[in-house]
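Participant: Going letter by letter, the sequence shown gives residues 8 to 514 in our numbering.
Sharing a structure, written as structure tokens. Questions coming.
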Amino acid sequence: MTLKANELMDKLVSLCKRRGFIFPSSEIYGGINGFWDYGPLGVELKRNIKEAWWQDLVLKRSDVVGLDCSIIMNPRVWEASGHVVNFNDPLVDCKNCKARFRADKVFTVRAVLPGQPENVLVFAGVESDDEQLVRAGVIAKANSKTRRRLEDQADRTVWTIFRGDQVPEGAASLCPACGGMLTDARKFNMMFKTFVGAMEDSSSVAYLRPETAQGIFANYRNVLDTSRIKPPFGIAQIGKSFRNEINPRNYTFRSREFEQMELEFFCHPSEADRWYEYWRGERYKWYTDLGLTSAKLRLRDHQKEELAHYARACADVEYEFPFGTSELEGVANRTDFDLTQHQKFSGKDMTYFDDETKERYVPFVIEPSGGVDRATLAFLCEAYTEDHAPDENGAPQPRTVMRFHPRLAPVKLAVFPLVKKDAMPEVAERIYQDCQKSGLVCFYDEKGAVGRRYRRQDEAGTPFCITVDGQTLQDQTVTVRDRDSLKQERIAADRVIEYVRERIVAR
Ligand code: GAP
Numbered sequence: 008m009t010l011k012a013n014e015l016m017d018k019l020v021s022l023c024k025r026r027g028f029i030f031p032s033s034e035i036y037g038g039i040n041g042f043w044d045y046g047p048l049g050v051e052l053k054r055n056i057k058e059a060w061w062q063d064l065v066l067k068r069s070d071v072v073g074l075d076c077s078i079i080m081n082p083r084v085w086e087a088s089g090h091v092v093n094f095n096d097p098l099v100d101c102k103n104c105k106a107r108f109r110a111d112k113v114f115t116v117r118a119v120l121p122g123q124p125e126n127v128l129v130f131a132g133v134e135s136d137d138e139q140l141v142r143a144g145v146i147a148k149a150n151s152k153t154r155r156r157l158e159d160q161a162d163r164t165v166w167t168i169f170r171g172d173q174v175p176e177g178a179a180s181l182c183p184a185c186g187g188m189l190t191d192a193r194k195f196n197m198m199f200k201t202f203v204g205a206m207e208d209s210s211s212v213a214y215l216r217p218e219t220a221q222g223i224f225a226n227y228r229n230v231l232d233t234s235r236i237k238p239p240f241g242i243a244q245i246g247k248s249f250r251n252e253i254n255p256r257n258y259t260f261r262s263r264e265f266e267q268m269e270l271e272f273f274c275h276p277s278e279a280d281r282w283y284e285y286w287r288g289e290r291y292k293w294y295t296d297l298g299l300t301s302a303k304l305r306l307r308d309h310q311k312e313e314l315a316h317y318a319r320a321c322a323d324v325e326y327e328f329p330f331g332t333s334e335l336e337g338v339a340n341r342t343d344f345d346l347t348q349h350q351k352f353s354g355k356d357m358t359y360f361d362d363e364t365k366e367r368y369v370p371f372v373i374e375p376s377g378g379v380d381r382a383t384l385a386f387l388c389e390a391y392t393e394d395h396a397p398d399e400n401g402a403p404q405p406r407t408v409m410r411f412h413p414r415l416a417p418v419k420l421a422v423f424p425l426v427k428k429d430a431m432p433e434v435a436e437r438i439y440q441d442c443q444k445s446g447l448v449c450f451y452d453e454k455g456a457v458g459r460r461y462r463r464q465d466e467a468g469t470p471f472c473i474t475v476d477g478q479t480l481q482d483q484t485v486t487v488r489d490r491d492s493l494k495q496e497r498i499a500a501d502r503v504i505e506y507v508r509e510r511i512v513a514r
């Protein structure tokens with residue numbers, strides 16, 4: 008069953024709230040725009056994503072080490088990195104309703120029939136993360152009369168679309184909220200400011216980090232001097248970042264507080280192109296290995312004019328979210344820009360001396376930089392499925408199932424007694440406790456019909472349900488029900504942990 012994009016998003020947001028994946032932050036006070044909390048299921052899903060990243064990028068490799076540095080650093084870090092001057096988004100205000108927008112995310116759209124300039128079918132402002140969807144968004148929002156005219160005249164209609172930060176001479180851009188005129192775009196620095204210590208003056212200004220990467224560059228010398236590592240090598244960090252986004256949007260996609268998983272990989276300049284290609288491929292594969300279908304995932308290479316001034320190459324891993332195709336992660340060749348800047352601003356030597364070749368150089372950096380919250384949202388969107396499963400009498404019933412990869416599923420298995428008698432609860436409880444002690448996140452449920460219990464676990468995305476029944480008491484076997492295939496098989500009760508572990512790794 009395929010769901011329309013906005014219908015899917017509404018259903019997903021509702022499931023996330025109802026089942027405890029994601030809540031609006033400080034909801035009892037009306038929430039706060041751009042901040043989100045993760046509930047009991049959400050926190051496990053997010054932890055599993057971070058754990059998978061750490062396992063695959065740090066623990067399973069001998070050329071990457073980890074780091075956990077402070078969120079607030081000496082403000083000189085942000086002068087050196089260029090964030091104080093350059094970390095700006097273009098901001099526009101509506102002169103009428105005073106709403107604020109990111110200028111590069113608002114579009115003014117005009118649709119007319121040729122030869123009849125007075126015959127304007129559409130003249131409106133639209134907000135969108137995906138430029139490709141602007142036209143479809145306008146058509147979807149139009150009233151039925153306009154939509155019919157647009158459909159009838161589709162071949163003849165001439166569309167003009169421009170971005171709020173690329174307004175043609177003599178034109179004006181329109182507010183997506185009220186249709187009023189927007190101001191010219193101006194720069195808005197997105198770093199959150201705070202004060203360190205008791206004084207609140209310019210000497211005590213500090214910033215909440217807008218990326219974890221700079222903490223890695225600031226510690227590059229420490230790591231090099233204290234570990235036996237040498238280029239090519241990487242330093243990885245997972246942690247909170249903060250950006251005062253002009254317009255947080257699309258659920259958790261663009262938040263003001265979020266987590267990043269960043270790897271800075273240091274190598275000889277002559278090997279940078281090769282490592283860039285390597286990490287570009289590795290990072291795409293990581294997402295498909297964990298269940299994002301390649302039909303919805305793509306690697307988009309940046310055009311030359313899109314590249315940041317310090318980057319030699321950049322590719323985005325993009326996912327087709329229900330609200331448009333957008334960036335999950337960026338992989339960039341940052342050259343020696345950051346280390347050179349920190350060398351200049353701190354006066355500390357950032358070069359590496361190669362004992363074998365007797366060469367001294369500032370390493371180039373390849374940076375795969377992903378968002379934990381965006382990855383979580385992509386895995387949630389991908390997992391959401393509606394299908395049918397048989398009830399106790401074998402009749403197919405509609406169900407909602409979160410088809411998470413077993414490695415990411417918040418709960419790995421649920422244990423049920425078939426009925427609440429004949430010692431079944433005691434046996435089930437023992438299996439549950441053994442699984443819990445072994446480190447598997449599991450859930451015990453003895454309430455209601457077993458079919459209802461399966462449905463609840465399907466919605467949580469639990470890949471395996473174990474049922475203790477009459478036969479268990481005879482031969483110490485239990486049934487295992489697979490969330491996706493719905494197949495049931497009997498296995499020895501003392502093999503449950505091994506069975507689940509094998510399948511988490513295998514898929
Ligand atoms: N160090 C490079 C860097 O920070 P970025 O493209 O600005 O690059 C990297 O951010 C990743 O961080 C993005 O691909 C995205 O997944 C995540 N991210 C950035 N801004 C975000 C926001 N406002 N909300 C959620 N995630 C965000």
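Idealized CB from N, CA, C, for every residue including glycine.
Source: prediction; values computed, not measured.
Enumerate in chain order the residues of its own chain whose CB-to-CB distance from alanine 322 is below 6 angstroms, with the five nearest sequence positions on each side excluded.
Facilitator: Result list for alanine 322: Arg287, Leu306, Asp308 and Val338, in chain order.
Participant: Look up isoleucine 373 in the DSSP assignment and say whether it is helix, strand or coil.
Facilitator: In this structure, isoleucine 373 counts as strand in the three-state DSSP scheme.
Participant: Do the CB positions of phenylalanine 240 and aspartate 96 come within less than 7 angstroms of each other?
Facilitator: Cβ atoms of phenylalanine 240 and aspartate 96: not closer than 7 angstroms.
Participant: Which residues mark the beginning and the end of the alpha helix (DSSP H) in which isoleucine 4 is found?
Facilitator: Given that the chain is displayed from residue 8 to residue 514, the structure contains no residue 4 and the question cannot be resolved.
Participant: Within the continuous beta strand (DSSP E) that includes aspartate 361, where are the two ends?
Facilitator: Note, aspartate 361: beta strand (DSSP E), 359-361.
Participant: Report the option in Trp61, Thr474, Arg497 and Glu366 whose CA atom is closest to the CA atom of isoleucine 242.
Facilitator: Comparing Cα-Cα distances from isoleucine 242 to each of Trp61, Thr474, Arg497 and Glu366, the minimum goes to Trp61.
Participant: Quick check on this structure: which residue in Leu66, Arg437, Val20 and Ala87 has the alpha carbon closest to the alpha carbon of glycine 354?
Facilitator: The candidate whose alpha carbon is nearest that of glycine 354 is Ala87.
Participant: Start and end of the alpha helix (DSSP H) containing glycine 354?
Facilitator: Where glycine 354 is concerned, there is no enclosing alpha helix (DSSP H), given that its DSSP letter is neither H nor E.
Participant: What beta strand (DSSP E) runs, 3 residues minimum, are completely inside the stretch 30-99?
Facilitator: Listed in chain order, they are 43-45 and 71-73.
Participant: Just to confirm, is the Cβ distance from glycine 41 to glutamate 252 under 7 angstroms?
Facilitator: In this structure, glutamate 252 lies closer than 7 angstroms to glycine 41 by Cβ.
Participant: Look up cysteine 104 in the DSSP assignment and say whether it is helix, strand or coil.
Facilitator: Cysteine 104: coil per DSSP, three-state reduction.
Participant: Can you tell me whether arginine 497 sits near the ligand GAP, meaning its C-beta is under 6 angstroms from at least one heavy atom of the ligand?
Facilitator: No, Cβ of arginine 497 sits at least 6 angstroms from all heavy atoms of the ligand GAP.
Participant: So who's on the other strand from tryptophan 166, going by DSSP bridges?
Facilitator: Beta-bridge pairing links tryptophan 166 to Ala118.
Participant: Helix, strand or coil: how does DSSP classify leucine 181 here?
Facilitator: Strand.
Participant: I need the DSSP call for leucine 19, collapsed to helix, strand or coil.
Facilitator: Leucine 19 falls in the helix class under three-state DSSP.
Participant: Excluding five sequence neighbours on each side, which residues of the same chain lie with their C-beta closer than 6 angstroms to the C-beta of methionine 8?
Facilitator: Its pLDDT being 46, under 50, methionine 8 is placed unreliably in this model, and the value from its coordinates should be taken loosely. Only Glu393 meet the Cβ criterion.
Participant: Just the C-alpha distance for asparagine 126 and alanine 118, rounded to the nearest angstrom, thanks.
Facilitator: Approximately 9 angstroms, taken between the alpha carbons.
Participant: Assuming alanine 106 and alanine 184 form a contact by the criterion Cβ under 8 angstroms, report the distance between their Cβ atoms to the nearest whole angstrom.
Facilitator: 5 angstroms between Cβ atoms; contact.
Participant: Which residue from Ala467, Gln464, Arg488 and Asp465 puts its Cα closest to that of valine 475?
Facilitator: Among Ala467, Gln464, Arg488 and Asp465, the Cα nearest to that of valine 475 is on Arg488.
Participant: Quick check: the Cα distance between leucine 15 and histidine 395, rounded to an integer number of angstroms?
Facilitator: Distance between the alpha carbons of leucine 15 and histidine 395: 17 angstroms.
Participant: Write down the C-beta distance between phenylalanine 202 and histidine 349 rounded to the nearest angstrom, noting that I regard them as a contact closer than 8 angstroms.
Facilitator: With a Cβ gap of about 24 angstroms, phenylalanine 202 and histidine 349 do not count as contacting.
Participant: On the DSSP bridge assignment, give the partners of cysteine 442 in chain order.
Facilitator: DSSP, once it has assigned bridges, lists no residue as partnering cysteine 442.
Participant: Give a single yes or no on whether glutamate 86 has its beta carbon closer than 6 angstroms to a heavy atom of the ligand GAP.
Facilitator: Answer for glutamate 86: no, Cβ out of range of the ligand GAP.
Participant: Between which residues of its own chain and glutamine 478 is the CB-CB distance below 8 angstroms, once the five residues before and five after are set aside?
Facilitator: The answer, listed in chain order, is Thr484 and Arg497.
Participant: Got a sec? Which residues, its chain only, sit under 6 angstroms from lysine 18 by beta carbon, not counting five neighbours each side?
Facilitator: Closer than 6 angstroms at Cβ, skipping near neighbours: no residue.
Participant: When burial is assigned at 16 or more other CB atoms within 10 Å of the CB, is cysteine 23 buried or exposed?
Facilitator: Buried: at least 16 other Cβ atoms inside 10 Å.
Participant: Under the rule that 16 or more other beta-carbon atoms within 10 Å means buried, what is alanine 302, buried or exposed?
Facilitator: Alanine 302 is exposed by the Cβ-count criterion.
Participant: Name the residue from Gln481, Thr300, Gly37 and Trp85 whose alpha carbon lies nearest to the alpha carbon of phenylalanine 386.
Facilitator: Among Gln481, Thr300, Gly37 and Trp85, the Cα nearest to that of phenylalanine 386 belongs to Thr300.
Participant: To the nearest angstrom, how far is the alpha carbon of threonine 383 from that of lysine 365?
Facilitator: One C-alpha to the other measures close to 45 angstroms.
Participant: Pick helix, strand or coil for arginine 235, following the three-state DSSP scheme.
Facilitator: DSSP places arginine 235 in coil when its eight states are reduced to three.
Participant: Would you kindly work out how many angstroms separate the C-alpha atoms of glutamate 433 and phenylalanine 328, rounded to a whole number?
Facilitator: Distance between the alpha carbons of glutamate 433 and phenylalanine 328: 45 angstroms.
Participant: If you measure from the CB of glutamate 325, is any heavy atom of the ligand GAP nearer than 6 angstroms?
Facilitator: Not under cutoff, so the answer is no.
Participant: Helix, strand or coil for arginine 508 per DSSP?
Facilitator: Helix, per DSSP.
Participant: For glycine 298, which residues from the same chain have a beta carbon less than 8 angstroms from its beta carbon, with the 5 sequence-adjacent residues on both sides left out?
Facilitator: Phe386, Glu389, Ala390, Arg410, Phe411, His412 and Leu415, listed in sequence order.
Participant: Let's test the definition: count the other Cβ atoms within 10 Å of the Cβ of serine 262 and tell me whether it reaches 16, buried, or not, exposed.
Facilitator: Serine 262 is buried by the Cβ-count criterion.
Participant: What's the C-alpha gap between aspartate 209 and methionine 268?
Facilitator: Note on identity: in this sequence residue 209 is serine, with aspartate being the wrong assignment. So the two alpha carbons sit approximately 31 angstroms from each other.
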